[in-house]
Amino acid sequence: MAYLLSLVTFLPTIGAVLVLLLPRRQEAATKLATVAITVATFVVSLPLYFRFDRASADYQFVEVKSWIPSLGVSYHVGVDGISVLLVLLTTFLMPLVILSSWHSVESRWKEFAITMLLLETGMIGVFVALDLFLFYVFWEAMLIPMYLIIGIWGGPNRVYAAVKFIIYTLTGSLLMLVAILFVYFQHGTATNTYTFDLPVLVRFVIPAGFTQDLLFFAFALAFAIKVPMFPFHTWLPDAHVEAPTAGSVILAGVLLKMGTYGFLRFCLPLFPQASLHWAPLLFTLAVIGIIYGAWVSTVQPDIKKLVAYSSVSHLGFVVLGLFTLTMQGLVGGIIQMVNHGLSTGALFLMVGMIYERRHTRLIADFGGLWKVIPAFSVLFLIVCLSSLGLPGLNGFVGEFLILVGTFQVHRLAAVFATTGIIFAAVYLLWMYQRVCFGEVTNEANRRLSDLSAREWAVLLPVLLFIVWIGVYPTTFTTMTEPSVQALITQVQSKAQAASAMLAPDARP
Amino acid sequence: MNPPLVLPSIGLRPILPLLVMAATAALVLLLDLVPPRERKDHLGFVSALGVVATLIVTYWMIFSAGGADLRGFHGMVVLDTFALFFNIIIGYATGLVLLLSMDYIRREGMESGEFYILLLLSAIGMMLMASAGDLIIVFLGLETMSIALYVLAGFFRTRIEAGEASMKYFLIGAFSSGFFLYGIALIFGATGTTNLDRIANAVTAGAGRDPMLIIGLGLLLVGFGFKISSVPFHMWAPDVYEGAPTSVTAFIATGSKAAAFAALLRVLLTAVRGAPIDSTMLLWVLAAVSMTLGNVVALAQQNLKRMLAYSSIAHVGYMLVGVVAGGALGNGSVLFYLLVYTFTTAGAFGAILLLERSGQEAVKLEDFGGLAARHPLLAVALSIFLLSLTGIPPFAGFVGKFYLFGAAVKSGYVWLAVIGVLNSAAAAYYYLRLIVFMYMREPEGAPTVLAPSLSGALALVVALWGVVQLGVAPGPLFDLAQAAVIPLLR
Numbered sequence: 012m013a014y015l016l017s018l019v020t021f022l023p024t025i026g027a028v029l030v031l032l033l034p035r036r037q038e039a040a041t042k043l044a045t046v047a048i049t050v051a052t053f054v055v056s057l058p059l060y061f062r063f064d065r066a067s068a069d070y071q072f073v074e075v076k077s078w079i080p081s082l083g084v085s086y087h088v089g090v091d092g093i094s095v096l097l098v099l100l101t102t103f104l105m106p107l108v109i110l111s112s113w114h115s116v117e118s119r120w121k122e123f124a125i126t127m128l129l130l131e132t133g134m135i136g137v138f139v140a141l142d143l144f145l146f147y148v149f150w151e152a153m154l155i156p157m158y159l160i161i162g163i164w165g166g167p168n169r170v171y172a173a174v175k176f177i178i179y180t181l182t183g184s185l186l187m188l189v190a191i192l193f194v195y196f197q198h199g200t201a202t203n204t205y206t207f208d209l210p211v212l213v214r215f216v217i218p219a220g221f222t223q224d225l226l227f228f229a230f231a232l233a234f235a236i237k238v239p240m241f242p243f244h245t246w247l248p249d250a251h252v253e254a255p256t257a258g259s260v261i262l263a264g265v266l267l268k269m270g271t272y273g274f275l276r277f278c279l280p281l282f283p284q285a286s287l288h289w290a291p292l293l294f295t296l297a298v299i300g301i302i303y304g305a306w307v308s309t310v311q312p313d314i315k316k317l318v319a320y321s322s323v324s325h326l327g328f329v330v331l332g333l334f335t336l337t338m339q340g341l342v343g344g345i346i347q348m349v350n351h352g353l354s355t356g357a358l359f360l361m362v363g364m365i366y367e368r369r370h371t372r373l374i375a376d377f378g379g380l381w382k383v384i385p386a387f388s389v390l391f392l393i394v395c396l397s398s399l400g401l402p403g404l405n406g407f408v409g410e411f412l413i414l415v416g417t418f419q420v421h422r423l424a425a426v427f428a429t430t431g432i433i434f435a436a437v438y439l440l441w442m443y444q445r446v447c448f449g450e451v452t453n454e455a456n457r458r459l460s461d462l463s464a465r466e467w468a469v470l471l472p473v474l475l476f477i478v479w480i481g482v483y484p485t486t487f488t489t490m491t492e493p494s495v496q497a498l499i500t501q502v503q504s505k506a507q508a509a510s511a512m513l514a515p516d517a518r519p
Numbered sequence: 503m504n505p506p507l508v509l510p511s512i513g514l515r516p517i518l519p520l521l522v523m524a525a526t527a528a529l530v531l532l533l534d535l536v537p538p539r540e541r542k543d544h545l546g547f548v549s550a551l552g553v554v555a556t557l558i559v560t561y562w563m564i565f566s567a568g569g570a571d572l573r574g575f576h577g578m579v580v581l582d583t584f585a586l587f588f589n590i591i592i593g594y595a596t597g598l599v600l601l602l603s604m605d606y607i608r609r610e611g612m613e614s615g616e617f618y619i620l621l622l623l624s625a626i627g628m629m630l631m632a633s634a635g636d637l638i639i640v641f642l643g644l645e646t647m648s649i650a651l652y653v654l655a656g657f658f659r660t661r662i663e664a665g666e667a668s669m670k671y672f673l674i675g676a677f678s679s680g681f682f683l684y685g686i687a688l689i690f691g692a693t694g695t696t697n698l699d700r701i702a703n704a705v706t707a708g709a710g711r712d713p714m715l716i717i718g719l720g721l722l723l724v725g726f727g728f729k730i731s732s733v734p735f736h737m738w739a740p741d742v743y744e745g746a747p748t749s750v751t752a753f754i755a756t757g758s759k760a761a762a763f764a765a766l767l768r769v770l771l772t773a774v775r776g777a778p779i780d781s782t783m784l785l786w787v788l789a790a791v792s793m794t795l796g797n798v799v800a801l802a803q804q805n806l807k808r809m810l811a812y813s814s815i816a817h818v819g820y821m822l823v824g825v826v827a828g829g830a831l832g833n834g835s836v837l838f839y840l841l842v843y844t845f846t847t848a849g850a851f852g853a854i855l856l857l858e859r860s861g862q863e864a865v866k867l868e869d870f871g872g873l874a875a876r877h878p879l880l881a882v883a884l885s886i887f888l889l890s891l892t893g894i895p896p897f898a899g900f901v902g903k904f905y906l907f908g909a910a911v912k913s914g915y916v917w918l919a920v921i922g923v924l925n926s927a928a929a930a931y932y933y934l935r936l937i938v939f940m941y942m943r944e945p946e947g948a949p950t951v952l953a954p955s956l957s958g959a960l961a962l963v964v965a966l967w968g969v970v971q972l973g974v975a976p977g978p979l980f981d982l983a984q985a986a987v988i989p990l991l992r
């Protein structure tokens with residue numbers, strides 16, 4: 012068990028090498044092997060849940076190995092209550108995504124499988140890395156597979172979307188690199204130990220003031236682009252619409268969470284004073300994102316684009332929750348990350364299924380699907396309701412906790428944010444009504460086939476968790492609470508320390 | 503009775519790696535005269551073996567001679583870890599270019615023994631520059647290297663672009679040599695010596711305030727600026743890169759740049775360190791302008807060789823960031839980056855020169871449309887080189903830039919690092935554009951075919967090994983690079 016996290020992280024890479032060795036003609040074998048590898052990764056990652064010590068706020072399953080000693084870079088991985096659910100979400104979604112690509116990926120399946128498996132390693136790596144250098148390596152390395160997935164297997168405008176995606180994210184993350192280096196050297200000069208180790212660096216108090224603000228913004232920009240927060244969201248609709256279903260699900264389910272995770276793991280503990288000071292700005296942007304995303308979703312003619320813009324809205328809630336720095340807000344934010352991964356992931360999966368049948372995603376091309384494909388329509392309704400936050404399903408839990416947290420800190424923000432839930436009901440239910448209810452208006456829709464066994468297999472696990480989290484969220488919230496509590500304490504005490512030792516260039 | 507003839511004791515150890523290379527050149531020169539006349543493959547093999555021997559000697563001197571610090575010929579030649587590190591870079595550059603050239607020049611109908619001999623002679627010049635303890639030796643090395651390269655640039659003599667490349671390279675090179683020599687003369691005038699250590703002594707003794715020395719140093723920087731092709735001395739680079747045989751382009755981009763950086767660093771770090779003038783601000787501007795102009799103009803290029811020429815100007819800008827940052831970390835990262843850049847650039851040019859379309863070299867972006875479907879392995883290799891040039895982990899280019907920008911941040915040049923990273927983001931666009939063509943476009947027109955070349959494939963494997971190994975485990979070689987510059991900083 013000593014190498015559990017490394018195994019989870021690199022099993023997909025080993026799998027990618029295996030797939031590489033399979034002959035190209037054996038496409039069926041390639042598909043089975045890829046599913047087997049992702050399922051194996053999920054099974055291997057299960058001890059992270061069962062053996063996780065729920066009472067502890069510390070990092071667990073930790074591995075430390077010196078990597079570049081002269082720089083103080085180590086291979087340091089571990090999970091705590093903040094990251095463990097995201098790792099599990101990643102390993103859980105991957106087999107479903109591979110299954111969903113069975114027919115929808117029509118060319119170069121082998122390359123697709125290799126790219127997806129390498130992507131999985133990158134994503135898990137981002138969530139488990141506890142060394143800033145290692146984190147950055149995974150963070151950047153993961154861009155390339157995603158770029159290829161959008162650019163090779165995407166829609167007609169895929170090249171534009173892929174390039175936009177990578178240039179946007181690269182710009183943000185490169186500025187973060189400079190900030191990482193700055194923190195590294197500041198800590199090194201002050202303490203004479205040069206290290207990229209996160210648990211060591213978070214104990215270092217950077218004096219409040221202009222420098223800490225700049226560093227905070229360099230990190231925040233990288234994460235805000237990734238989330239994406241208004242006004243850095245413009246890459247997202249393009250990327251989502253052009254990406255193949257698998258790409259969209261992973262993008263929405265996991266990649267966007269890296270932004271919010273980054274805020275939580277790096278911005279808050281490293282720059283607590285700046286985080287608290289600039290929280291109103293982030294609240295404002297988050298609320299604008301919630302409302303703007305919802306409004307823009309409402310008027311989309313394309314279902315996939317509607318779901319894409321709804322992500323901007325939903326992720327706004329997460330950022331809102333994180334920066335309240337209250338127990339409810341943070342736990343809600345973390346649960347909402349998982350919820351969004353499940354609900355929006357499922358929405359993209361179902362949009363992909365319907366697109367496979369009809370090769371269109373325009374709402375106007377559908378209507379009356381309830382009569383033709385009832386099973387699909389029922390599941391689609393459940394997923395829509397979960398996404399709009401119906402009590403009893405998962406979305407409600409996260410949004411409710413976030414709003415409770417926000418209300419304590421910033422009432423006005425809570426009031427405006429709540430309208431986002433109403434608009435969510437508007438755009439999702441209106442879309443659902445036009446797609447599934449009424450008469451069958453388009454003759455092409457009459458011959459549609461209902462869900463296949465494979466599609467049931469993809470959707471049922473997601474639905475299970477949608478209901479589980481909705482009915483009994485405690486299973487998951489208890490995992491996060493100790494770590495969240497520790498984070499809040501740490502941020503508050505550090506912020507006080509930082510304010511106490513005001514830098515010479517401090518604001519008045 | 504005649505007095506006994508006293509011979510000055512000349513230790514040859516300080517030029518041992520050079521001797522191995524020179525002996526190889528001489529051997530190849532002789533072998534060229536004997537049959538077989540039609541095929542010259544064996545000359546390439548002998549040259550490559552000579553390069554391997556040079557590398558072995560270099561490694562041996564680094565690791566067993568206990569970090570050699572040898573001086574010979576009255577301080578004219580210095581063989582320290584710094585010189586040995588550059589010998590490694592130059593050795594890899596020469597070896598890779600040799601392997602890439604063997605089938606390439608035959609394919610282009612220009613196979614002859616002179617090619618290998620000129621390549622080796624040029625490498626000797628480069629190694630001499632790296633070991634120079636005296637400005638005269640720097641100049642000798644520079645000329646040995648350059649004259650061989652002028653000829654190599656025009657080696658495909660039937661092509662009109664080759665003539666242009668060679669002529670342009672020669673004229674501008676001669677011009678820059680003039681600057682360089684004039685600079686040496688002025689420095690000699692100010693200090694009374696051309697020996698770097700003695701210049702350093704004179705500078706600390708007060709000659710540093712002499713305007714003649716400052717002007718002389720400025721002229722030296724101009725001469726070096728031409729050789730490393732930093733802005734504003736870069737104008738020759740795109741035309742020469744485009745017209746020269748692709749393997750020679752790779753050599754100009756890697757070996758000659760490394761050698762010029764070696765001499766530049768040695769002059770800056772030893773000879774004029776004590777001078778009261780500060781060239782940092784000047785280099786700061788050169789770095790920022792080189793990065794930005796190189797990347798911006800590269801965005802507009804359709805010809806890959808021209809694109810890589812402008813990208814190389816940008817990479818010189820990144821390396822100058824390390825020079826500006828200074829110290830063991832800054833200068834060490836320049837050395838490390840040169841090594842990384844050698845593997846990456848030689849690999850990228852190598853992958854390009856293996857391809858041809860309708861009997862022409864494939865150098866246009868369109869030639870790479872849909873390449874991934876037809877030649878997946880080559881496409882993967884070229885993509886890795888491009889990602890390394892972009893600076894994406896886990897490849898060497900990322901670690902190289904990480905060290906360079908880290909050094910800049912450490913020395914307080916945060917904004918220069920910010921300019922650097924923004925440039926890297928812009929550069930991603932044109933590097934990835936080639937990946938777009940390879941993976942995301944359909945092939946159009948005549949197919950682009952892979953020229954079979956065992957030696958070329960070997961070169962790509964070596965370059966890939968370098969790019970991956972330096973990216974995943976950069977520690978040992980970076981420590982060596984730092985160890986190489988620390989003695990110069992004392």
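From first to last, the protein sequence lines stand for chains A and B.
The numbering used here runs 11 ahead of the 1-based position in the first sequence.
The numbering used here runs 502 ahead of the 1-based position in the second sequence.
Where a beta carbon is used, it is the ideal one built from N, C-alpha and C, also for glycine.
- Chain A places a beta carbon closer than 7 Å to that of residue 912 (chain B), counting this residue as a contact.
- Contact between residue 355 (chain A) and residue 398 (chain A) holds, since their C-beta atoms are separated by about 6 Å, short of 8 Å.
- DSSP, read as helix, strand or coil, puts residue 246 (chain A) in helix.
- In the DSSP annotation of this structure, the continuous segment of the alpha helix (DSSP H) that includes residue 605 (chain B) starts and ends at 583 to 609.
- At a cut-off of 4 residues, the continuous stretches assigned as alpha helix (DSSP H) that sit fully inside the region 84 to 116 of chain A are 95 to 115.
- The residues 328, 343, 347, 400 and 432, in chain order, have a CB closer than 8 Å to that of residue 410 (chain A) in the same chain once the five nearest residues on each side in sequence are set aside.
- Distance between residue 500 (chain A) and residue 141 (chain A), taken at the CA atoms: about 20 Å.
- Contact note: residue 182 (chain A) reaches chain B through 924 and 927, using a C-beta cutoff of 8 Å and chain order.
- Taking 7 Å as the cut-off between beta carbons, none of the residues of the region 252 to 268 of chain A comes near chain B.
- Contact with chain B is absent for residue 285 (chain A), since none of that chain's Cβ atoms lies less than 7 Å from the residue's Cβ.
- Beta-bridge pairing by DSSP links residue 140 (chain A) to A:88.
- At a cut-off of 7 Å between beta carbons, residue 941 (chain B) contacts chain A.
- For residue 977 (chain B), the nearest CB of chain A lies under 7 Å from its own CB, placing it at the interface with that chain.
- With the criterion set as a beta carbon lying under 9 Å from some beta carbon of chain B, the members of the region 136 to 166 of chain A are 144, 147, 148, 149, 150, 151, 152, 154, 155, 158, 159, 162, 163 and 165, in sequence order.
- Between residue 199 (chain A) and residue 493 (chain A), the gap from beta carbon to beta carbon reaches 7 Å or more.
- Here residue 575 (chain B) carries a coil assignment [DSSP, helix/strand/coil].
- Residue 79 (chain A) belongs to the set of residues whose beta carbon lies under 7 Å from a beta carbon in chain B.
- Sequence-distant Cβ neighbours of residue 204 (chain A) in its own chain, meaning closer than 8 Å and more than five residues away, are 83, 198 and 211.
- Counting only runs that start and end inside the region 819 to 884 of chain B, the beta strand (DSSP E) elements of at least 3 residues fall at 857 to 859.
- With respect to chain B, the C-beta atom of residue 193 (chain A) has a partner C-beta closer than 7 Å.
- Residue 981 (chain B) has a beta carbon lying within less than 7 Å of a beta carbon in chain A.
- Between the region 609 to 619 of chain B and the region 725 to 744 of chain B there are fewer than three C-beta pairs closer than 8 Å, too few to call the two in contact.
- Spanning the alpha carbons of residue 116 (chain A) and residue 134 (chain A) requires a straight line of approximately 21 Å.
- In this structure, the straight-line span from the alpha carbon of residue 818 (chain B) to that of residue 825 (chain B) is close to 10 Å.
- Going by DSSP, residue 76 (chain A) is part of the beta strand (DSSP E) stretching over 71 to 79.
- Taking a beta-carbon distance threshold of 7 Å, residue 207 (chain A) does not count as an interface residue toward chain B.
- At a Cβ-Cβ threshold of 7 Å, residue 933 (chain B) and residue 966 (chain B) do not count as neighbours.
- Bridge partners of residue 805 (chain B) according to DSSP: B:866.
- Using a CB distance cut-off of 7 Å, residue 196 (chain A) counts as an interface residue toward chain B.
- In the three-state scheme derived from DSSP, where H, G and I count as helix and E and B as strand, residue 925 (chain B) is classed as helix.
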